[in-house]
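*Asks:* One structure coming up, written as structure tokens, with questions to follow.
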Amino acid sequence: MSEQARPRTPKPYRRPKKDPVRMLAFEALRAVDERDAYANLVLPPLLKKAREKEGPEKFDGRDAALATELVYGTLRRQGTYDAIIAACIDRPLREVDPPVLDVLALGAHQLLGTRIPSHAAVSASVELARVVLGDGRAKFVNAVLRKIAQDDFDTWVQRVAPPYDADAEDHLAVVHSHPRWVVSALWDSLGGGRAGIEALLEADNERPAVTLVARPGRSTTEELAAAAETEPGRWSPYALTLAEGGEPGALQAVAEGRAGVQDEGSQLVAIALANAPLDGSDARWLDGCAGPGGKASLLGALAAERGAALLASEKQPHRARLVERALAGNPGPYQVIAADGTRPPWREGVFDRVLMDVPCSGLGALRRRPEARWRRRPSDLDGFAPLQRGLLTEALRAVRVGGVVGYATCSPHLAETRVVVDDVLKKVGGAELIDARPLLPGVPDLGDGPDVQLWPHLHGTDAMYLALIRRTA
6 MSEQARPRTP KPYRRPKKDP VRMLAFEALR AVDERDAYAN LVLPPLLKKA REKEGPEKFD
66 GRDAALATEL VYGTLRRQGT YDAIIAACID RPLREVDPPV LDVLALGAHQ LLGTRIPSHA
126 AVSASVELAR VVLGDGRAKF VNAVLRKIAQ DDFDTWVQRV APPYDADAED HLAVVHSHPR
186 WVVSALWDSL GGGRAGIEAL LEADNERPAV TLVARPGRST TEELAAAAET EPGRWSPYAL
246 TLAEGGEPGA LQAVAEGRAG VQDEGSQLVA IALANAPLDG SDARWLDGCA GPGGKASLLG
306 ALAAERGAAL LASEKQPHRA RLVERALAGN PGPYQVIAAD GTRPPWREGV FDRVLMDVPC
366 SGLGALRRRP EARWRRRPSD LDGFAPLQRG LLTEALRAVR VGGVVGYATC SPHLAETRVV
426 VDDVLKKVGG AELIDARPLL PGVPDLGDGP DVQLWPHLHG TDAMYLALIR RTA
């Protein structure tokens, strides 16, 4: 028998190797997609479980950091990666199974958004595909990722994004990985030209620092700084940013509830309301949408310094329990109740200060919840609108004449901010806006007032909005 006629010996089957880091990242992405979970809630327990394992699948700090980057980086750049993947396949993206898309997006992020060498990114992704998808679809993943690996991120973006002059909003949507309607809404809220909106969209794609709050009377920034590597906050006297890789839960003050994790913009809202000038008494404060308790715990501490009592109300019982946990140990008087702020159990005109941090689209916190940009729809705003107006209306009824209401939302969308405030003030009467800007001393770029809009690219905070309103009659 000639050499050419000899039958080829088939290659022995090789069991795919499990990469615990990429398996965990894939599992988190599937939970986000299948269960509408949030990565910031899904990832910590997965990482905790991985750290507790014994043997080769046990995570160390570098493993946890890589898994976190893979999950959040993939979610932040999902729109851009989808456009690139679509350019590399011969069928509509919607016809590709979601688990396959997750593996491809993870691979695309490793190729285009990290320093992982191309050959390692491709081989690790194909190996993951073999484990979770099977050999057949792993070949498809291999082919697509090899095409993606031929160019860098900037080259791909130039290829798949429409020219700015032809369609500015669609160009920005693809380049900066935001839905087009979100680009349009943020641009309307921000105003100005191209530079500002691009800076904002890019800031949404940056990993935010972990910001701590030292609750006054219970902890100090000096205590936190002595316990961990930190830097002072930019605007809040109670804020510190934790060094990259630091674990907030490892700090004794955080574990005991004397300090917490809270964005600096959220801290500024509570501080501004607490410092707003009043006529008359200052003994009763209300947080009318208190869950999960970050602002309530800071307000409670500030109220305690003045001998004021805080009532923290939250409609959802499970969130009310989170508020109770956040306020536990507060040095001053407080009470937590489960109640609907649009149908409140309290009497009218009994509070000196009222905070209404209303439910909203969350477009101001896309740095922290990048998946929210892909879930929200313009129609969602219609659902929030009656609730936001109802809560602000009841807040104005709850405050006494001469008292102050703070209307806050973690969204810069005009339909959730100024439009709500203007509509309610026209209907309610007996109330006026007061200038919130002097109550954020040292904070630049606060606009023309009297309300305040914070921005990630200008202030390094979530895009918190605050309007302060005094009851006049």
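When we follow the numbering used here, the leftmost residue of the sequence shown carries the number 6, and every step to the right adds one. Think of the CB as a built atom: it goes at the ideal place given N, C-alpha and C, for glycine as much as any other residue.
1. How should Gln115 be labelled, buried or exposed, when 16 other C-beta atoms within 10 angstroms of its C-beta is the threshold for buried?
2. List the endpoints of the continuous beta strand (DSSP E) containing Phe356.
3. Can you grab the Cα-Cα spacing for the pair Arg82 / Arg185, in whole Å?
4. In the DSSP output, which residue or residues are listed as bridge partners for Thr246?
5. For my contact list, Cys415 and Gly346 are in at a C-beta cut-off of 8 Å; report their separation, rounded to the angstrom.
6. Does the segment 135-145 come within contact of the segment 97-109, defined as at least 3 CB pairs closer than 8 Å?
7. For Arg394, which residues of its own chain have a beta-carbon under 8 Å away from its beta-carbon, when the five flanking residues on both sides are left out?
8. Could you give the C-beta distance for Ala275 and Leu304, rounded to a whole number, given that I count them as a contact under 8 Å?
9. Using three-state DSSP, classify Ser7 as helix, strand or coil.
10. Quick one: residues in its chain with C-beta nearer than 6 Å to the C-beta of Leu117, no 5 flanking neighbours on either side, listed in chain order?
11. When you compare each of Ile202, Ala204, Arg324 to Pro364 by their alpha carbons, which one comes out closest?
12. Give me the residue from Ala219, Ala171, Trp240, Arg40 with the minimum Cα distance to Ala231.
13. Do Ala333 and Gly262 come within 7 Å of each other at the CB atom, strictly closer than that value?
14. With a floor of 4 residues, list each alpha helix (DSSP H) that falls wholly inside the segment 75-128, ordered by position along the chain.
15. Along the chain, which unbroken stretches of the beta strand (DSSP E) at least 3 residues long are found entirely within the segment 282-323?
16. Which term fits Gly299, buried or exposed, when burial requires 16 or more other beta carbons within 10 angstroms of its beta carbon?
17. Taking 8 Å as the cut-off, does the segment 347-363 touch the segment 287-298 (at least 3 CB pairs, one atom from each stretch)?
18. Would you kindly check if the distance between the Cβ of Val146 and the Cβ of Val108 is under 7 Å?
19. Output yes or no for whether 7 Å exceeds the beta carbon distance between Glu319 and Gly337.
20. Rounding to the nearest angstrom, what Cα-Cα distance links Pro253 and Ala264 in this structure?
21. Would you report the Cα separation of Leu52 and Ala208, rounded to the nearest angstrom?
22. With a CB to CB cut of under 8 Å and the five nearest residues on each side skipped, what residues in its chain are close to Val26?
23. Give me the Cα-Cα distance between Leu283 and Arg373, rounded to the nearest whole angstrom.
24. I'd like to know if the segment 183-200 and the segment 157-175 are in contact, where contact means that at least 3 CB-CB pairs between them fall below 8 Å.
25. Would you report the Cα separation of Asp95 and Gly270, rounded to the nearest angstrom?
26. Tell me where the beta strand (DSSP E) around Arg476 begins and ends.
27. In the DSSP assignment, the alpha helix (DSSP H) including Ala279 goes from what residue to what residue?
28. For the structure I just gave you, are there three or more beta carbon pairs, one from the segment 228-248 and one from the segment 430-438, closer than 8 Å?
29. Taking DSSP's pairing of strands, which residues face Tyr412 in a bridge?
30. Go to Trp265, then tell me how far its beta strand (DSSP E) extends in each direction, as first and last residue.
31. When the Cα of Gly447 is compared with those of Pro242, Asp170, Arg223, Pro383, which residue comes out closest?
32. Would you mind working out which of Leu459, Leu471, Val409, Leu451 sits nearest Thr477, comparing C-alpha positions?
33. Which one of Ser384, Leu396, Leu459, Ser128 has the shortest CA to CA distance from Lys23?
34. Evaluate Asp170 with the Cβ neighbour count: other Cβ atoms within 10 Å of its Cβ, from every protein chain shown; 16 or more gives buried, anything less gives exposed.
35. Using DSSP with H/G/I as helix, E/B as strand and the rest coil, what is Leu438?
36. Can you tell me whether DSSP reads Ala30 as helix, strand or coil?
*Replies:* On the basis of the supplied data:
1. The residue given as residue 115 occupies position 110 in the sequence shown. With 16 or more other Cβ atoms within 10 Å, it is buried.
2. Position 351 of the sequence shown, counted from the first residue, corresponds to residue 356. Segment 356-362, the beta strand (DSSP E) holding Phe356.
3. Taking the first residue of the sequence shown as 1, we reach residue 82 at position 77. Taking the first residue of the sequence shown as 1, we reach residue 185 at position 180. Cα to Cα, Arg82 sits roughly 14 Å from Arg185.
4. Here residue 246 corresponds to residue number 241 of the sequence shown, with the count starting at 1. Thr246 is bridged to Thr216, Glu236.
5. Against the sequence shown, residue 415 aligns to sequence position 410. Against the sequence shown, residue 346 aligns to sequence position 341. The pair is not a contact, with the Cβ atoms about 17 Å apart (cut-off 8 Å).
6. yes
7. If you number the sequence shown from 1, residue 394 lands on position 389. Same-chain partners within the cutoff: Val425, Asp428, Val429.
8. Residue 275 sits at position 270 when you count from the first residue of the sequence shown. Residue 304 sits at position 299 when you count from the first residue of the sequence shown. That belief holds up - the Cβ atoms of Ala275 and Leu304 are roughly 5 Å apart, short of 8 Å.
9. To locate residue 7, count along the sequence shown from 1; it is residue 2. Residue placement at Ser7 is flagged as unreliable, the pLDDT there being 49, under the threshold of 50; the coordinate-derived value follows with that caveat. In this structure, Ser7 counts as coil in the three-state DSSP scheme.
10. Position 112 of the sequence shown, counted from the first residue, corresponds to residue 117. Closer than 6 Å at Cβ, skipping near neighbours: Phe158.
11. Here residue 364 corresponds to residue number 359 of the sequence shown, with the count starting at 1. Closest option to Pro364, Cα to Cα, is Arg324.
12. On the sequence shown, residue 231 is found 226 positions in, with the first residue counted as 1. If we check each option's Cα against that of Ala231, Ala219 comes out closest.
13. For the purposes of this step, residue 262 is identified with residue 257 of the sequence shown, where counting begins at 1. For the purposes of this step, residue 333 is identified with residue 328 of the sequence shown, where counting begins at 1. Closer than 7 Å, so yes.
14. 83-91, 103-118
15. 289-292, 314-319
16. For the purposes of this step, residue 299 is taken as residue 294 along the sequence shown, with counting starting at 1. By the 10 Å Cβ count, Gly299 comes out buried.
17. At 8 Å Cβ cutoff, the stretches touch.
18. Within the sequence shown, numbered from 1, the residue matching residue 108 stands at position 103. Within the sequence shown, numbered from 1, the residue matching residue 146 stands at position 141. It is a contact, given that the beta carbons lie within the stated cut-off.
19. Translated into positions along the sequence shown, residue 319 becomes position 314. Translated into positions along the sequence shown, residue 337 becomes position 332. No, these two residues do not count as a Cβ contact at 7 Å.
20. In the sequence shown, counting from the first residue as 1, residue 253 sits at position 248. In the sequence shown, counting from the first residue as 1, residue 264 sits at position 259. Going from the Cα of Pro253 to the Cα of Ala264 covers about 9 Å.
21. Walking along the sequence shown from the start, residue 52 turns up at place 47. Walking along the sequence shown from the start, residue 208 turns up at place 203. Each residue's alpha carbon lies about 26 Å from the other.
22. As a position in the sequence shown, residue 26 is number 21, starting the count at 1. Taken in chain order, the residues that qualify are Phe64, Asp68, Leu71, Ala72, Leu75.
23. Numbered from its first residue, the sequence shown carries residue 283 at position 278. Numbered from its first residue, the sequence shown carries residue 373 at position 368. Between Leu283 and Arg373, the C-alpha separation is close to 35 Å.
24. yes
25. Taking the first residue of the sequence shown as position 1, residue 95 is located at position 90. Taking the first residue of the sequence shown as position 1, residue 270 is located at position 265. Taking the straight line joining both Cα atoms gives about 45 Å.
26. In the sequence shown, residue 476 corresponds to position 471, counting from 1. Unbroken beta strand (DSSP E) run through Arg476: 470-476.
27. Taking the sequence shown and counting its residues from 1, the one referred to as residue 279 is at position 274. From DSSP, the alpha helix (DSSP H) with Ala279 extends over 269-280.
28. no
29. Your numbering for residue 412 matches position 407 in the sequence shown. Answer by DSSP bridge pairing, in chain order: Met361, Ala472.
30. As a first step, residue 265 is located in the sequence shown; it is residue number 260 there, counting from the start. In the sequence as displayed, the identity of residue 265 is Gly instead of Trp. Note, Gly265: beta strand (DSSP E), 264-266.
31. One-based indexing of the sequence shown puts residue 447 at position 442. With distances taken between Cα atoms, Gly447 lies closest to Pro242.
32. For the purposes of this step, residue 477 is taken as the residue at position 472 of the sequence shown. The shortest Cα separation from Thr477 among Leu459, Leu471, Val409, Leu451 belongs to Val409.
33. Along the sequence shown, one-based indexing puts residue 23 at 18. Of Ser384, Leu396, Leu459, Ser128, the residue nearest in Cα terms is Ser128.
34. Taking the sequence shown and counting its residues from 1, one reaches residue 170 at position 165. That one is exposed.
35. Locating residue 438 in the sequence shown gives position 433, where the first residue counts as 1. In the structure shown, Leu438 sits in a strand (DSSP, three-state: E or B).
36. The residue you call residue 30 lines up with position 25 of the sequence shown. Correct three-state label for Ala30: helix.
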